[in-house]
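Novice: Residue numbers (full-length UniProt numbering): 1 to 388. Ideal Cβ placement from N, Cα and C applies to all residues, glycine included.
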Amino acid sequence: MTVLYDDIGELVTNDPAAGDGSPLGVITGAALLVDGDRIAWVGPKHEAPAADRRVDCGGTSVLPGFVDSHAHLVFAGDRSAEFAARMAGRPYDGGGIASTVAATRGASNGALAANVGRLAAELHRGGVTTFETKSGYGLTTVDEQRSLELATSVTAETTFLGAHVVPPEYREDRDAYVRLVAADMLAACREHARWIDVFCDRGAFDVDEARFILTAGVDVGLVPRLHASQLGPGDGIRLAVELGAASVDHCTYATDADIDALAAGDTVATLLPGAEFSTRAPWPDARRFLDAGVTVALATDCNPGSSYTTSMGFCIAVAVRDMGFTPAEALWAATAGGARALRRDDIGVLAAGKRADLVRLDAPSYIHLAYRPGVPLVGDVVRGGVGD
Ligand code: NIG
Ligand code: FE
Numbered sequence: 001m002t003v004l005y006d007d008i009g010e011l012v013t014n015d016p017a018a019g020d021g022s023p024l025g026v027i028t029g030a031a032l033l034v035d036g037d038r039i040a041w042v043g044p045k046h047e048a049p050a051a052d053r054r055v056d057c058g059g060t061s062v063l064p065g066f067v068d069s070h071a072h073l074v075f076a077g078d079r080s081a082e083f084a085a086r087m088a089g090r091p092y093d094g095g096g097i098a099s100t101v102a103a104t105r106g107a108s109n110g111a112l113a114a115n116v117g118r119l120a121a122e123l124h125r126g127g128v129t130t131f132e133t134k135s136g137y138g139l140t141t142v143d144e145q146r147s148l149e150l151a152t153s154v155t156a157e158t159t160f161l162g163a164h165v166v167p168p169e170y171r172e173d174r175d176a177y178v179r180l181v182a183a184d185m186l187a188a189c190r191e192h193a194r195w196i197d198v199f200c201d202r203g204a205f206d207v208d209e210a211r212f213i214l215t216a217g218v219d220v221g222l223v224p225r226l227h228a229s230q231l232g233p234g235d236g237i238r239l240a241v242e243l244g245a246a247s248v249d250h251c252t253y254a255t256d257a258d259i260d261a262l263a264a265g266d267t268v269a270t271l272l273p274g275a276e277f278s279t280r281a282p283w284p285d286a287r288r289f290l291d292a293g294v295t296v297a298l299a300t301d302c303n304p305g306s307s308y309t310t311s312m313g314f315c316i317a318v319a320v321r322d323m324g325f326t327p328a329e330a331l332w333a334a335t336a337g338g339a340r341a342l343r344r345d346d347i348g349v350l351a352a353g354k355r356a357d358l359v360r361l362d363a364p365s366y367i368h369l370a371y372r373p374g375v376p377l378v379g380d381v382v383r384g385g386v387g388d
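1. Can you name, in chain order, every residue of its own chain whose Cβ lies under 6 angstroms from the Cβ of G213, other than the five neighbours on each side?
2. Check whether the Cβ atoms of F75 and T104 lie closer than 7 angstroms to each other.
3. Would A121 pass as a contact of C302 if the rule is Cβ separation under 7 angstroms?
4. Name the two residues that bound the continuous beta strand (DSSP E) containing V223.
5. Is the CB-CB distance between R225 and W195 below 7 angstroms?
6. Please tell me whether, using a cut-off of 6 angstroms, the distance from the CB of N14 to the nearest non-hydrogen atom of the ligand NIG is below it.
7. Count the other CB atoms within 10 Å of the CB of D68; is the residue buried (16 or more) or exposed (fewer)?
8. In this structure, how does DSSP classify G217 when only helix, strand and coil are distinguished?
9. Which residue from R179, P49, V62, A269 puts its Cα closest to that of G244?
10. If you reduce the DSSP assignment to three classes, tell me which class Y253 lands in.
11. Buried or exposed: which applies to M87, given that a residue is buried once 16 or more other Cβ atoms fall within 10 Å of its Cβ?
12. Using the Cα positions of L361 and V378, report the straight-line distance between them to the nearest angstrom.
13. Between the beta-carbon of A328 and the beta-carbon of I316, is there less than 7 angstroms?
14. Kindly indicate the opening and closing residues of the alpha helix (DSSP H) around V142.
15. Ignoring anything shorter than 4 residues or poking outside the region 245-299, list the alpha helix (DSSP H) runs there in chain order.
16. Quick one: what's E10 bridged to in DSSP?
17. Count the other CB atoms within 10 Å of the CB of P376; is the residue buried (16 or more) or exposed (fewer)?
18. Along the alpha helix (DSSP H) that carries P327, what are the first and last residues, could you check?
19. So the candidates are D285, R321, P373, R280; which of them puts its Cα closest to the Cα of G89?
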């Protein structure tokens, strides 16, 4: 069964060999042929091949589906009061994570699954066709394992984050918790995870603890990614590069030495505008990363504490308005950049042979994502060739 998406006003391919030759590879007046779950052809609409079915895009914009490479969907509870207190001046220090841990431990599998399903559906409605999600609100072997089992029901991109924070019952013996994460917890979680992550920051885990846990994960076949420099400068970004991590996320307080290390390595820097927005943190200047040649991704960081949004459109708008991205750079980071952060070469690009994951906007241009903030512009979402 082939489907031709025809009369696309502006097709963003992220294939520099296509269209206008820019990184977005924009083709004006385009068509795209899907065969099963793959793209079979893209090009000018007047050269479009025949198909079993034709969808008229009416001159609107079509993009690769968003790739959200950083989310925390497995949790219970609500922290709106904490958010309100922050907006009244209380600083964010990650201390609220403990309240989500308590709620998550107390929640039934059914309640957790319902929340994960609701958030996955929100992501999908907002144009996200691939997302990562992690454990990190269980912090016991049993609760981390069940968090990852639930995560695998909604995505293949699952991350073991037993080292999110030291849970209250280990506060007097953090070394014992670090050993637990790197031994029994990892052993129980590894078969349900592709990635291993550590929150390497002030009040969470230091660089030696992070190295120990990530190395244990690598030894059993997981691939590292890190949360680093969200709450203050530190050594986490350079550790990510040293370990060849796929991505280092937040980077709010990245130093010049961190940017130099990123530019010399192949770790993606994933910026999370929702976190700066919701914690009133300073905006990282994306120009420092982009102008140094660092590969940058944008992701939601959807979680109940620091960034309770599933909207990549919102993240793009904020990234453009406050972090120095051009609209083109922000769109690339939210699609191809996310794919790089997940080490995926089958998504994030609309070209023959790639997965048929695409979004049709109710707008003539992707620029409207930042130009019309907060407006639900995602018209149709096609995932693996299947539309809504
Ligand atoms: O990515 N930084 C650590 N973890 C989350 C926040 C967790 C929370 O506040 O519940 C983040 O921002
Ligand atoms: Fe996070």
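Specialist: Based on what the coordinates show:
1. The sequence shown places Ile at residue 213, not Gly. Close CB contacts of I213 within its chain, under the 6 angstroms cut and outside five residues either way in sequence, are with A163, V181, A182, V198 (chain order).
2. Contact flag set, yes.
3. No. Outside cutoff.
4. For V223, the uninterrupted beta strand (DSSP E) run begins and ends at 223-228, by DSSP.
5. The answer is yes: Cβ separation under 7 angstroms.
6. N14 Cβ: outside cutoff for every heavy atom of the ligand NIG.
7. Flag for D68 reads buried.
8. DSSP places G217 in the helix class (H, G or I) of the three-state scheme.
9. Nearest Cα to G244 within the set R179, P49, V62, A269: A269.
10. For Y253, the secondary structure class from DSSP, reduced to helix, strand or coil, is coil.
11. Here M87 is exposed, its C-beta having fewer than 16 other C-beta atoms within 10 Å.
12. The straight-line gap from Cα to Cα measures roughly 5 angstroms.
13. Going by C-beta atoms, A328 is not nearer than 7 angstroms to I316.
14. Looking at the DSSP string, the run of the alpha helix (DSSP H) that includes V142 is 141-152.
15. For the region 245-299, whole alpha helix (DSSP H) runs of length 4 or above, ordered along the chain, are 256-264, 273-279, 286-291.
16. Partner residues in the beta bridge of E10, as assigned by DSSP, are T28, S61.
17. With fewer than 16 Cβ atoms within 10 Å of its Cβ, P376 is classed as exposed.
18. Segment 327-332, the alpha helix (DSSP H) holding P327.
19. When D285, R321, P373, R280 are compared, the shortest CA-CA separation from G89 is found for R280.
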